[in-house]
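Per the numbering used here, the very first residue in the sequence shown carries number 1; after that it's consecutive.
Virtual Cβ for every residue (Gly too), placed ideally from N, Cα, C.
Quick caveat: nothing in here was measured; it's all calculated off a predicted structure.
Below: one structure, written as structure tokens.
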Amino acid sequence: MRIGAVFSQADSGTDADAIRKWAIDAEAAGFEHFMAYDHILGASAERLGPGPFGSFPNAPYTSEHTFHEIMVLISHLAALTTRMQFVTSVLVLPQRQTALAAKQIASIDLLSGGRIRPAVGVGWNAAEYAGLGVDFADRTALLEEQIDVMRLLWTQPLVDFEGRFHHLRGVGINPLPTHPLPIMIGSGASDAVLRRVVRKADGWMPLLIPGLDPTDIGTAVAKLWRFAEEAGRDPASLPVHGRVYIGPGWQAGVEQAVELGFSDCSIGFNRLAQPGLSHAEHLEAVIAAKPEIDAIVG
């Protein structure tokens, strides 16, 4: 199981040197990937309304929280590192032009030496969708079609595609990726969502909040594997990328990730349980825990 570090966008601030140092220090500490969240627009608490928002009782982020544009952030930090991979968690794909996102990911992959690993999802922020001119109600259908279109754009010099949202005729990106680019879906664990993962994705990134989501991770993974078998798909073809936040009892989360056979686990700092600490202190806590994480992972 590969271990990475979660970059807390909301606490990262605007000190460019500090952001660069965070990535460099994470790589030097032996983390195998850098995970970052995605938001393009923030909204005021008043604009967002009272919630709930998916499994969140209240909006987890507002316009008061810092979010660096994820493609720019990854491309910048990939140029400063040599080994660490970069994971989107998740790229809110329906808010973006499909061809542009495909082109950006392919370009970063080429220039970084194959170090971007996209996970995509639908997000939760209807106000953000409205500000970007995308119908929130279409987000799931749009995501499914986007995945199909991106795979075509990454593998064919010229693409013809006629769908509900995309109309491509004799167009393509150049250069094409030199190797397959897997697409994970980051999501909750409803039956419909897990069946979508089986149907469309190259892996699953659980976005489950202990105590808030009705399904625990062990039950969700077992259900995913069952749905894969029912669809005639080998469950081993669906790697799972989990995450654990440093806080009371965090070791059990890492142990469970090992037991469930996760391909990856990202380690973050529980900023909600311990507010007010700096971005650098988050990484220090994760680095301090790494020897114990490595001992559990083996």
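Residue 170 sits exposed, since fewer than 16 C-beta atoms from the chains shown fall within 10 Å of its C-beta. Around residue 134, the same chain offers 94, 95 as residues with beta carbons nearer than 7 Å, after the five sequence neighbours per side are excluded.
In this structure residue 128 is buried. Its beta-carbon is surrounded by 16 or more other beta-carbon atoms within 10 angstroms. With the rule of 3 Cβ pairs closer than 8 Å, the segment 165-182 counts as touching the segment 103-111. Secondary structure in the segment 157-242: the beta strand (DSSP E) runs of 3 residues or longer, each lying completely within the stretch, are 159-162, 167-171, 184-187, 204-206 in chain order.
Here DSSP, grouped into helix, strand and coil, assigns residue 68 to coil. For residue 260, the closest C-alpha among the options 71, 266, 221, 154 is that of 221. For residue 264, same chain residues with a beta-carbon under 6 Å away, outside a window of 5 residues either side, are 2, 241 in chain order. Taking C-beta atoms under 8 Å as the contact rule, residue 228 and residue 198 qualify, at a distance of about 5 Å. When secondary structure is reduced to three states using DSSP, residue 289 falls in the helix class. Take the alpha-carbon of residue 8 and the one of residue 36: they are about 7 Å apart.
Here the alpha carbons of residue 11 and residue 64 stand approximately 11 Å from one another. Taking a cut-off of 8 Å for Cβ pairs, the segment 39-51 and the segment 15-26 do not touch, as fewer than three such pairs fall below it. Across the structure, residue 294 and residue 29 are spaced so that their CA atoms are roughly 12 Å apart.
For residue 184 and residue 201, the gap between their C-alpha atoms comes out near 5 Å. Cβ-Cβ distances below 8 Å link residue 141 to 164, 165 in the same chain, with the five nearest sequence neighbours on each side left out; the list follows chain order. Annotated as proximal: residue 27 and residue 84, with beta-carbon spacing under 8 Å.
Beyond the five residues adjoining it in sequence on each side, residue 75 comes within less than 6 Å, by CB distance, of 108 in the same chain, given in chain order.
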